[in-house]
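So the sequence shown is numbered by the working numbering: it starts at 505 and just counts up by one.
We put the beta carbon where it would ideally sit given N, CA and C, even for glycine.
First up is the structure itself, then whatever we jot down about it.
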Amino acid sequence: MTTQNAPALDTTSPTRQPAPDQVPALSVAGVSHSYGARKALNNVSFAVKPASFTALLGLNGAGKSTLFSLITRLFAVQTGQINIFGHDIGRTPGEALRLLGVVFQPRTVDLDLSLRQNLLYHAALHGISRREARTRSEELLARIGLADRAGNKVRDLSGGQMRRLEIARALLHRPRLLLLDEATVGLDVKARADIVGHVRQLVTEQGIGVLWATHLFDEIAATDDLVVLHQGRVLARGPVPQVIAEAGASDVNAAFARLTTQASPTNAGPARSADA
Numbered sequence: 505m506t507t508q509n510a511p512a513l514d515t516t517s518p519t520r521q522p523a524p525d526q527v528p529a530l531s532v533a534g535v536s537h538s539y540g541a542r543k544a545l546n547n548v549s550f551a552v553k554p555a556s557f558t559a560l561l562g563l564n565g566a567g568k569s570t571l572f573s574l575i576t577r578l579f580a581v582q583t584g585q586i587n588i589f590g591h592d593i594g595r596t597p598g599e600a601l602r603l604l605g606v607v608f609q610p611r612t613v614d615l616d617l618s619l620r621q622n623l624l625y626h627a628a629l630h631g632i633s634r635r636e637a638r639t640r641s642e643e644l645l646a647r648i649g650l651a652d653r654a655g656n657k658v659r660d661l662s663g664g665q666m667r668r669l670e671i672a673r674a675l676l677h678r679p680r681l682l683l684l685d686e687a688t689v690g691l692d693v694k695a696r697a698d699i700v701g702h703v704r705q706l707v708t709e710q711g712i713g714v715l716w717a718t719h720l721f722d723e724i725a726a727t728d729d730l731v732v733l734h735q736g737r738v739l740a741r742g743p744v745p746q747v748i749a750e751a752g753a754s755d756v757n758a759a760f761a762r763l764t765t766q767a768s769p770t771n772a773g774p775a776r777s778a779d780a
């Protein structure tokens, strides 16, 4: 009786992994969340590409802050999956969250500490050595134009300057994804434009992926990706021109009005998507 040898396994070829630029900076898939009987998010799905600016557009109460709380693990994901550069935030939270920087809507800097002290304290929480933290803090303060205020108390800053400091703090550990929840609320027109411009520079110069939550149409550019969130559901997603065209509108304002008018709270149909 003869035996036939099985072909040898090829152990020299590594398992193929997606190219880094093919892995979304953020992937939200089928995420739903309820507070008791009230559903705050209903089957939300979208992605943020690396080195891109994605605007999350929705009215107050649309579910933007709930979504941010899930991405940052302030709330546990009830249904669905959230990945940051391929890392599941539930299964591998350490790997996922070290790639994430966040600026929440409420201001969270310590008003009685100096700008430098705020940054050094935050760096310590991330395990950054004091020497490295000082270097990074000086670089970031110079970048946001506040190097000359490093020793001043935060309470002496304007609203726009505080926001710039919070963005600098979020970048201390050098994340690849930055979330900003209504970052320009309460700022004047110039300060708002400065903040938006600064964040867009981070995308083009440092390749950071950005999810920018807003209810203001003038903060959205034609080159952005757009996610329209209304009453906990994604009504449209894709490049801004695509969303406008699919809505049969002339601009973002008109597209949003048409989409939200047509939406029914009881109809959870599929979202329009340029990549569907």
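Between which two residues does the beta strand (DSSP E) carrying residue 585 extend?
Within the sequence shown, the letter at position 81 stands for residue 585. Here the beta strand (DSSP E) through residue 585 covers 583-588.
By the 10 Å Cβ neighbour count, where 16 or more other Cβ atoms means buried, how is residue 568 classified, buried or exposed?
Locating residue 568 in the sequence shown gives position 64, where the first residue counts as 1. With 16 or more Cβ atoms within 10 Å of its Cβ, residue 568 is classed as buried.
Express the C-alpha separation of residue 767 and residue 712 in angstroms, rounding to a whole number.
Position 208 of the sequence shown, counting from 1, holds the residue named residue 712. Position 263 of the sequence shown, counting from 1, holds the residue named residue 767. It is roughly 33 angstroms from the alpha-carbon of residue 712 to the alpha-carbon of residue 767.
Under 7 angstroms, do residue 673 and residue 641 count as touching if we go by C-beta distance?
Within the sequence shown, numbered from 1, the residue matching residue 673 stands at position 169. Within the sequence shown, numbered from 1, the residue matching residue 641 stands at position 137. Not closer than 7 angstroms, so no.
For my contact list, residue 550 and residue 731 are in at a C-beta cut-off of 8 angstroms; report their separation, rounded to the angstrom.
The residue labelled residue 550 in the question sits at position 46 within the sequence shown. The residue labelled residue 731 in the question sits at position 227 within the sequence shown. Residue 550 to residue 731, Cβ: 5 angstroms. Contact.
Whose C-alpha, out of 759, 703, 631 and 738, is nearest the C-alpha of residue 747?
As a working note, residue 747 is residue 243 in the sequence shown. The option with the nearest alpha carbon to residue 747 is 759.
Sorted by chain position, which residues of the same chain lie with C-beta nearer than 6 angstroms to residue 540's C-beta, five sequence neighbours on each side aside?
The residue labelled residue 540 in the question sits at position 36 within the sequence shown. Within the same chain, residue 540 has no close Cβ partners at all.
Tell whether a beta-carbon distance below 7 angstroms holds between residue 611 and residue 666.
Start at 1 with the first residue of the sequence shown, and residue 611 comes out as number 107. Start at 1 with the first residue of the sequence shown, and residue 666 comes out as number 162. It is a contact, given that the beta carbons lie within the stated cut-off.
Since residue 610 is in the beta strand (DSSP E), which residue starts that stretch and which ends it?
Counting from one through the sequence shown, the residue named residue 610 turns up at place 106. Run containing residue 610: none; DSSP gives neither H nor E here.
Enumerate in chain order the residues of its own chain whose CB-to-CB distance from residue 543 is below 8 angstroms, with the five nearest sequence positions on each side excluded.
If you number the sequence shown from 1, residue 543 lands on position 39. Excluding positions up to five away in sequence, the list reads 536, 537 and 736.
Nearest-angstrom Cα distance between residue 576 and residue 765?
For the purposes of this step, residue 576 is taken as the residue at position 72 of the sequence shown. For the purposes of this step, residue 765 is taken as the residue at position 261 of the sequence shown. When rounded, the distance between both Cα atoms is 31 angstroms.
Residue range of the unbroken alpha helix (DSSP H) whose run includes residue 694:
Your numbering for residue 694 matches position 190 in the sequence shown. First-last of the alpha helix (DSSP H) with residue 694: 693-710.
What's the gap between the Cα of residue 740 and the Cα of residue 595?
Here residue 740 refers to the residue found at position 236 when the sequence shown is read from its first residue. Here residue 595 refers to the residue found at position 91 when the sequence shown is read from its first residue. One C-alpha to the other measures close to 29 angstroms.
Taking residue 562 and residue 733 to be in contact with their CB atoms under 8 angstroms, please state how far apart those CB atoms are, rounded to whole angstroms.
Within the sequence shown, residue 562 is the residue found at index 58, counting from 1. Within the sequence shown, residue 733 is the residue found at index 229, counting from 1. Under the criterion of beta carbons closer than 8 angstroms, residue 562 and residue 733 qualify as touching, at roughly 4 angstroms.
Backbone secondary structure at residue 572 - three-state DSSP:
In the sequence shown, residue 572 corresponds to position 68, counting from 1. The answer is helix: DSSP assigns residue 572 an H, G or I state.
Which parts of the segment 716-755 are runs of the beta strand (DSSP E), unbroken and 3 residues or longer, counting only runs that do not cross its ends?
729-734 and 737-743
Figure out for me which residue from 710, 648 and 715 has the closest Cα to the Cα of residue 695.
For the purposes of this step, residue 695 is taken as residue 191 along the sequence shown, with counting starting at 1. Nearest of 710, 648 and 715 to residue 695, Cα basis: 648.
Extract the residue ranges of the beta strand (DSSP E) inside the segment 597-678, only unbroken runs of 3 or more that lie entirely within it.
604-607
Give me the Cα-Cα distance between residue 553 and residue 721, rounded to the nearest whole angstrom.
Within the sequence shown, numbered from 1, the residue matching residue 553 stands at position 49. Within the sequence shown, numbered from 1, the residue matching residue 721 stands at position 217. Taking the straight line from one Cα to the other gives about 21 angstroms.
To the nearest angstrom, report how far apart residue 604 and residue 714 are at their CA atoms.
Within the sequence shown, residue 604 is the residue found at index 100, counting from 1. Within the sequence shown, residue 714 is the residue found at index 210, counting from 1. If you take the alpha carbons of residue 604 and residue 714, they lie about 10 angstroms apart.
What residue does the beta strand (DSSP E) around residue 542 start on, and which one ends it?
Here residue 542 corresponds to residue number 38 of the sequence shown, with the count starting at 1. Element bounds for residue 542: 542-552.
Excluding five sequence neighbours on each side, which residues of the same chain lie with their C-beta closer than 7 angstroms to the C-beta of residue 460?
In this structure the chain extends from 505 to 780, so residue 460 is not present and cannot be described.
Am I right that residue 559 and residue 728 are in contact with their C-beta atoms under 8 angstroms? What's the rounded C-beta distance?
Translated into the one-based positions of the sequence shown, residue 559 becomes position 55. Translated into the one-based positions of the sequence shown, residue 728 becomes position 224. That pair is a contact at about 5 angstroms.
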